[in-house]
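These notes concern the structure reproduced below.
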Amino acid sequence: MTINTIDYEKYLEKYDETTGLYPEGLEKIGEKYHDKGYLTKEELYDLAHLNSTRSSYHVKKNPDARVEKVTEVAYNLDDEFCQLALYTSLTGIGTPTASAILTSLDDEVHCVIDTRVWATLWRLGYFVKEKESFKPEDYIKIIDVVRRLAADTELTVAEIGYALFAYDVVHREGNLH
Numbered sequence: 001m002t003i004n005t006i007d008y009e010k011y012l013e014k015y016d017e018t019t020g021l022y023p024e025g026l027e028k029i030g031e032k033y034h035d036k037g038y039l040t041k042e043e044l045y046d047l048a049h050l051n052s053t054r055s056s057y058h059v060k061k062n063p064d065a066r067v068e069k070v071t072e073v074a075y076n077l078d079d080e081f082c083q084l085a086l087y088t089s090l091t092g093i094g095t096p097t098a099s100a101i102l103t104s105l106d107d108e109v110h111c112v113i114d115t116r117v118w119a120t121l122w123r124l125g126y127f128v129k130e131k132e133s134f135k136p137e138d139y140i141k142i143i144d145v146v147r148r149l150a151a152d153t154e155l156t157v158a159e160i161g162y163a164l165f166a167y168d169v170v171h172r173e174g175n176l177h
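If you're matching positions, the sequence shown starts at 1 in the numbering used here and goes up one per residue.
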């Protein structure tokens with residue numbers, strides 16, 4: 001199977017039927033982030049909760065001032081890897097949630113990554129093994145592929161990511177983990 005056989009728009013429409021996060025909620029948090037140049041702990045919690053309801057409560061363990069400072073410094077960086085490394089230094093923020101933070105800021109160039117997105121790209125031959133946990137360097141690998149895929153469509157990078165997520169939901173046999 002080649003990636004060209006995926007109808008991204010079809011799977012993007014199916015995304016609303018999945019348990020994936022809500023892009024509109026992510027966008028609203030991103031607007032607040034742009035307005036101030038940092039996130040409050042409550043805003044970061046809300047974003048983390050959109051991405052992972054099971055682990056979002058860990059975000060509340062961070063001191064308020066640390067969340068604001070780390071997200072402010074990351075906001076002002078031009079290097080994605082460094083941004084991801086900073087975000088993931090906060091309690092409760094893994095690379096998938098960090099990717100959601102980046103996506104909230106610019107869905108034209110970022111996408112939310114997780115096991116399902118990786119699994120779809122793995123099934124299509126972009127990666128040599130399945131993965132269940134991610135580090136910032138994994139995001140860099142994924143985003144490179146997703147940006148190339150988006151360049152061949154009228155969809156944003158985030159929309160391609162959502163379509164890849166939905167593709168896995170539709171085609172996965174058995175449990176996720």
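All C-beta atoms in this analysis are idealised placements derived from N, C-alpha and C, irrespective of residue type, glycine included. It should be emphasised that the depicted structure is a prediction, and the values quoted were computed from it without experimental measurement.
Straight-line Cα distance separating residue j from residue i
i      : j      : result
THR120 : GLU68  : 35 Å
ILE160 : TYR57  : 29 Å
TYR87  : GLY25  : 19 Å
THR2   : ARG148 : Low per-residue confidence applies at THR2: pLDDT is 46, beneath 50, and the placement is therefore not dependable, though the value from the model is reported in the following sentence. In a straight line, the C-alpha of THR2 is about 14 Å away from that of ARG148.
GLY30  : CYS82  : 19 Å
LEU44  : THR153 : 31 Å
TYR8   : SER104 : 21 Å
HIS34  : ASP107 : 13 Å
LYS60  : ASN51  : 15 Å
LYS135 : ILE93  : 11 Å
GLY204 : TRP118 : Not covered by the structure: residue 204. The range shown for the chain is 1 to 177.
ILE101 : ASP138 : 16 Å
ARG172 : THR18  : 13 Å
ALA74  : ALA151 : 26 Å
ARG54  : THR97  : 12 Å
LYS32  : GLU80  : 20 Å
LEU155 : ILE6   : 13 Å
LYS10  : ASN62  : 40 Å
VAL128 : VAL112 : 21 Å
LEU230 : ASP64  : Nothing in the structure corresponds to residue 230, since the chain is present only between 1 and 177.
LYS28  : LEU39  : 12 Å
PHE165 : PRO23  : 13 Å
ASP16  : GLU72  : 31 Å
HIS49  : ILE140 : 23 Å
Assigned exposure category for residue i - 16 Cβ within 10 Å defines buried
i      : result
LYS41  : buried
ASN4   : For ASN4, the predicted structure reports a pLDDT of 46, less than 50, and the residue's modelled location is therefore unreliable. A value from the coordinates is still provided. Classification for ASN4: exposed.
ASP114 : buried
SER99  : buried
ARG66  : exposed
ARG116 : buried
Contact belief for residue i with residue j at Cβ below 8 Å, rounded distance in angstroms
i      : j      : result
THR95  : LEU84  : 6 Å
VAL70  : LEU47  : Wrong, their Cβ atoms sit about 13 Å apart, outside the cutoff.
HIS110 : ILE142 : Contact flag wrong, Cβ pair sits at about 10 Å.
VAL170 : LYS14  : 6 Å
Cβ-Cβ distance between residue i and residue j below 7 Å
i      : j      : result
ALA163 : LEU21  : no
TYR167 : VAL145 : no
TRP122 : GLU132 : no
Would you list, in sequence order, the uninterrupted alpha helix (DSSP H) runs of no fewer than 4 residues that lie entirely inside the segment 106-161?
115-123 and 136-151
Please give me, in chain order, every unbroken run of the alpha helix (DSSP H) with length at least 4 that falls completely inside the segment 33-91.
Unbroken alpha helix (DSSP H) runs of no fewer than 4 residues, entirely contained in the segment 33-91, are found at 41-51, 64-75 and 80-87, following chain order.
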